[in-house]
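Going down the list, the sequences are from chains A and B. For the record, in the first sequence the residue sitting at position 102 is 102 according to this note's numbering, with numbers rising by one throughout. For the record, in the second sequence the residue sitting at position 59 is 59 according to this note's numbering, with numbers rising by one throughout. Here's the structure we're looking at; comments come further down.
2 protein chains.
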Amino acid sequence: MASKGKISIIGSGLIGRNWAMLFASVGYNISLFDIDESRIDDALVDIKQQLNSLESKNLLRGSLNAEQQFSLIDKCISMEECLRNSIYCQECVFEKLELKVQVFQQIDKYVDDKTVLASSTSCLLPSSFSANLNHKSQVIVAHPVNPAYYIPLVELVPAPWTDEKVVARTRELMTEIGQKSVTLKKEIEGFLVNRVQYSILNECYRLIAGDYVSVEDIDSVMCDGLGLRYAFMGPWETAHLNANGMKEYFEKYSKGIYDVSKTFGEIPKMEGATADHIANELTSRIPLEKLNERRKWREERLIAITQLKKTLDKH
Amino acid sequence: MASKGKISIIGSGLIGRNWAMLFASVGYNISLFDIDESRIDDALVDIKQQLNSLESKNLLRGSLNAEQQFSLIDKCISMEECLRNSIYCQECVFEKLELKVQVFQQIDKYVDDKTVLASSTSCLLPSSFSANLNHKSQVIVAHPVNPAYYIPLVELVPAPWTDEKVVARTRELMTEIGQKSVTLKKEIEGFLVNRVQYSILNECYRLIAGDYVSVEDIDSVMCDGLGLRYAFMGPWETAHLNANGMKEYFEKYSKGIYDVSKTFGEIPKMEGATADHIANELTSRIPLEKLNERRKWREERLIAITQLKKTLDKH
Numbered sequence: 001m002a003s004k005g006k007i008s009i010i011g012s013g014l015i016g017r018n019w020a021m022l023f024a025s026v027g028y029n030i031s032l033f034d035i036d037e038s039r040i041d042d043a044l045v046d047i048k049q050q051l052n053s054l055e056s057k058n059l060l061r062g063s064l065n066a067e068q069q070f071s072l073i074d075k076c077i078s079m080e081e082c083l084r085n086s087i088y089c090q091e092c093v094f095e096k097l098e099l100k101v102q103v104f105q106q107i108d109k110y111v112d113d114k115t116v117l118a119s120s121t122s123c124l125l126p127s128s129f130s131a132n133l134n135h136k137s138q139v140i141v142a143h144p145v146n147p148a149y150y151i152p153l154v155e156l157v158p159a160p161w162t163d164e165k166v167v168a169r170t171r172e173l174m175t176e177i178g179q180k181s182v183t184l185k186k187e188i189e190g191f192l193v194n195r196v197q198y199s200i201l202n203e204c205y206r207l208i209a210g211d212y213v214s215v216e217d218i219d220s221v222m223c224d225g226l227g228l229r230y231a232f233m234g235p236w237e238t239a240h241l242n243a244n245g246m247k248e249y250f251e252k253y254s255k256g257i258y259d260v261s262k263t264f265g266e267i268p269k270m271e272g273a274t275a276d277h278i279a280n281e282l283t284s285r286i287p288l289e290k291l292n293e294r295r296k297w298r299e300e301r302l303i304a305i306t307q308l309k310k311t312l313d314k315h
Numbered sequence: 001m002a003s004k005g006k007i008s009i010i011g012s013g014l015i016g017r018n019w020a021m022l023f024a025s026v027g028y029n030i031s032l033f034d035i036d037e038s039r040i041d042d043a044l045v046d047i048k049q050q051l052n053s054l055e056s057k058n059l060l061r062g063s064l065n066a067e068q069q070f071s072l073i074d075k076c077i078s079m080e081e082c083l084r085n086s087i088y089c090q091e092c093v094f095e096k097l098e099l100k101v102q103v104f105q106q107i108d109k110y111v112d113d114k115t116v117l118a119s120s121t122s123c124l125l126p127s128s129f130s131a132n133l134n135h136k137s138q139v140i141v142a143h144p145v146n147p148a149y150y151i152p153l154v155e156l157v158p159a160p161w162t163d164e165k166v167v168a169r170t171r172e173l174m175t176e177i178g179q180k181s182v183t184l185k186k187e188i189e190g191f192l193v194n195r196v197q198y199s200i201l202n203e204c205y206r207l208i209a210g211d212y213v214s215v216e217d218i219d220s221v222m223c224d225g226l227g228l229r230y231a232f233m234g235p236w237e238t239a240h241l242n243a244n245g246m247k248e249y250f251e252k253y254s255k256g257i258y259d260v261s262k263t264f265g266e267i268p269k270m271e272g273a274t275a276d277h278i279a280n281e282l283t284s285r286i287p288l289e290k291l292n293e294r295r296k297w298r299e300e301r302l303i304a305i306t307q308l309k310k311t312l313d314k315h
């Protein structure tokens, strides 16, 4: 089996493991690095188990079998060695600015002018940890959504100095591993996923704070209503279809949307009595010791809907 | 077959037809009224066709067959007769305040003290069209989401003077016909569904206006990312699972959410160059003459996910 090239994963936590599996699924060689050797060993045990379990459930991605995919993933205890001849590096360390700065400074030392330097961060602007790097034009954020093995979305966020070719190369790679990338034209706080999530959370928080509705009912608005459509189409296409096209939608509803939106009120600080109330309601609905069971419940459904969408799109 | 009681539908458009089918599916007698007799005839032809088509695809709701369900739906050309001995009236006329006021004034004349008077409005506050009615304590909004035969959500909105028993009775009825109701404790502009939708649209609009992303990519953030989770769980449960419970989520992320949200900017007026750009992008992606085809594409998927959820929940 000829290698397609080498990909470096820096950080062997949940996100690093997911990335390793995604890249191995199409035949890349993975070099998995962590600062603590025992964590890499743990990660490899877990990855092997996951790949075997996926294979037994017929959910393994790619055309290689679990053993072949696992054999592509190597443990690496030196960052220099991990990055040598690497075509793409995916950084997956903790979400602390100082740590990212430090890790990227190290990465910077060991790469050539061609390696794409991607960060998995969900919240740090790429400019914040790449400004002083020699290879700063190679830095990009590639932020996945958990669990990435089942949710295709990856948002790509360039820094102001990121080379357009790096963006294009990352986009190609995401397509190759079967993920769906969206590209920000420039960086912005929260990127896209969190800005949309926070818009929803803010309004849902205010509706609870104003005693308009229960926490459970607001969740139901999404999963028994809007969410069923959103699994298949975004907010703009939904609007386009709900009127005779988007032009008519704006003509009919823009004023009403504005008038309703004017009543939204301030951005809430999510702390104090309302936050406690929400946390208590959720904890009585799903106690902390049941969280893992519920996460499995969710994973089962994410797998099912991913397969459903594939099946429907084939027809 | 003993009748379960009579339900009046005022207005025979798409929403009225959907309600008629939902109530008939569990055995209620439906009296379908419209101001224009020929529109009722058209509606009945369409309903019959829909029921037969649903039956042939094994998608018919309830335990009665299509013929039995259709036989429960009667045409009625007098509002007085339509409302006589009715236990529940669902108003489905156009979304114009003056029209709703006028229709509810007529309804008010012909009902007794027990009939629930529900409006399908998506945007008019129940207080705005019921203030001067004799039976104003019987008025409630029961707003479905289109297409209601496949999307279970119905939001119930009481006016300040709505009797608590009317709310409870409507909630029971929604459960009986297999819909999932959520209850507002008091009325608010846009109710829940539209407030959540508008929160999303506002931020997505600003992201386009600021040239951060394409219309297609913002849609993809939802349907390839967030929407897959939202088909099964709302924003609060999602957050509860993404941390070790909601308490930890607030502790970890409240400040970050607030900081990002402060950058959202003003509520946009959805008009002018950005609105045109969005409309043009959508129209080139899905031309107006393809809207119906795409609506069918969506319906097919809504049916599939509704069935998938039922199957998964049975295990």
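Glycine residues also receive a C-beta, built at the ideal position from the N, C-alpha and C atoms.
>> My assumption, with CB atoms under 8 Å, is that Q69 of chain A sits in contact with A142 of chain A. Please give the rounded CB distance.
In response: Not a contact, Cβ separation roughly 20 Å.
> Quick one: is T263 of chain A buried, meaning 16 or more other Cβ sit within 10 Å of its Cβ, or exposed?
Replying inline: exposed
>> Our contact map puts L156 of chain B next to L184 of chain B with C-beta atoms below 8 Å; I'd like the distance itself, whole angstroms only.
In response: 7 Å
> Starting from T283 of chain B and walking both ways along the alpha helix (DSSP H), at which residues does that stretch end?
Replying inline: A273 to R285
>> Helix, strand or coil for N194 of chain A? Go by DSSP, reduced to three states.
In response: helix
> Tell me the DSSP bridge mates of H349 of chain A?
Replying inline: This structure cannot speak to residue 349 of chain A, because chain A is shown only from 1 to 315.
> Which chain A residues sit within Cβ distance under 7 Å of I218 of chain B?
Replying inline: L192, G234 and W236
>> Quick check on DSSP: helix, strand or coil for V45 of chain A?
In response: helix
> Ends of the alpha helix (DSSP H) at Y28 of chain B?
Replying inline: Neither: Y28 of chain B is in no alpha helix (DSSP H) and is coded neither H nor E.
>> In chain order, what are the residue ranges of uninterrupted alpha helix (DSSP H) at least 4 long that sit wholly in the stretch 168-237 of chain B?
In response: 193-209, 215-221 and 227-230
> Does the stretch 51-70 of chain B come close enough to the stretch 6-15 of chain B to have 3 or more Cβ pairs within less than 8 Å?
Replying inline: no
> If you draw a straight line from the C-alpha of A43 of chain B to the C-alpha of N280 of chain A, how long is it?
Replying inline: 48 Å
> Quick one: is I303 of chain B near chain A, going by C-beta distance under 8 Å?
Replying inline: no
>> Given this structure, state the Cα-to-Cα distance separating Q197 of chain A from A231 of chain B, to the nearest angstrom.
In response: 14 Å
> If you drop the 5 nearest sequence neighbours on each side, which residues of the same chain put their C-beta closer than 8 Å to that of Y150 of chain A?
Replying inline: E299, L302, I303 and T306
> When Cβ atoms are compared, which residues of the stretch 122-133 of chain B fall closer than 7 Å to chain A?
Replying inline: C123
>> If the criterion is Cβ atoms closer than 8 Å, does the pair I87 of chain A and A118 of chain A meet it?
In response: no
>> Given this structure, state the Cα-to-Cα distance separating S254 of chain B from I267 of chain A, to the nearest angstrom.
In response: 11 Å
> How about the stretch 178-194 of chain A and the stretch 240-256 of chain A: do they share at least three Cβ pairs that are nearer than 8 Å?
Replying inline: no
> Taking F250 of chain B as the reference, which of A:S78, A:D74, A:P144 and A:T274 has the closest Cα?
Replying inline: A:T274
> What span of residues does the beta strand (DSSP E) with D252 of chain A cover, start to end?
Replying inline: Residue 252 of chain A is actually Lys in this sequence, not Asp. Not the beta strand (DSSP E): K252 of chain A falls in the alpha helix (DSSP H), residues M246 to S261.
> Which residues in chain B sit within 9 Å of N18 of chain A, going by Cβ to Cβ distance?
Replying inline: In chain order: nothing, as chain B lies at least about 15 Å away.
>> The beta strand (DSSP E) that contains Y110 of chain B, what's its start and end?
In response: Careful: Y110 of chain B lies outside any beta strand (DSSP E), inside the alpha helix (DSSP H) at L97 to Y110.
> Using 8 Å as the limit for Cβ to Cβ distance, is M174 of chain A near chain B?
Replying inline: no
> What first and last residue would you give for the beta strand (DSSP E) that runs through E289 of chain B?
Replying inline: Careful: E289 of chain B lies outside any beta strand (DSSP E) and carries neither H nor E.
> Under the rule that 16 or more other beta-carbon atoms within 10 Å means buried, what is Q102 of chain B, buried or exposed?
Replying inline: exposed
>> Is there a Cβ of chain B sitting closer than 8 Å to that of T170 of chain A, yes or no?
In response: no
> Secondary structure at C82 of chain B, three-state DSSP: helix, strand or coil?
Replying inline: helix
> Could one say the Cβ of W300 of chain A lies closer than 8 Å to chain B's Cβ atoms, at least one of them?
Replying inline: The displayed chain sequence assigns Glu, not Trp, to residue 300 of chain A. Yes, E300 of chain A counts as interfacial toward chain B.
>> Buried or exposed, going by whether 16 or more other CB atoms sit within 10 Å of the CB of T115 of chain A?
In response: buried
> Is there at least one Cβ from chain A nearer than 8 Å to K136 of chain B's Cβ?
Replying inline: no
> Got a sec: is the Cβ-Cβ distance from M328 of chain A to anything in chain B below 8 Å?
Replying inline: Shown here, chain A extends from 1 to 315; a query on residue 328 of chain A therefore has no answer.
>> Any beta carbon of chain A sitting closer than 8 Å to that of Y258 of chain B?
In response: yes
> Quick one, are the C-beta atoms of C89 of chain A and I107 of chain A less than 8 Å apart?
Replying inline: yes
>> Less than 8 Å between the C-beta atoms of L60 of chain B and L72 of chain B, yes or no?
In response: no
> Between the Cα of V111 of chain B and the Cα atoms of B:E237, B:K136 and B:D211, which residue gives the shortest distance?
Replying inline: B:K136
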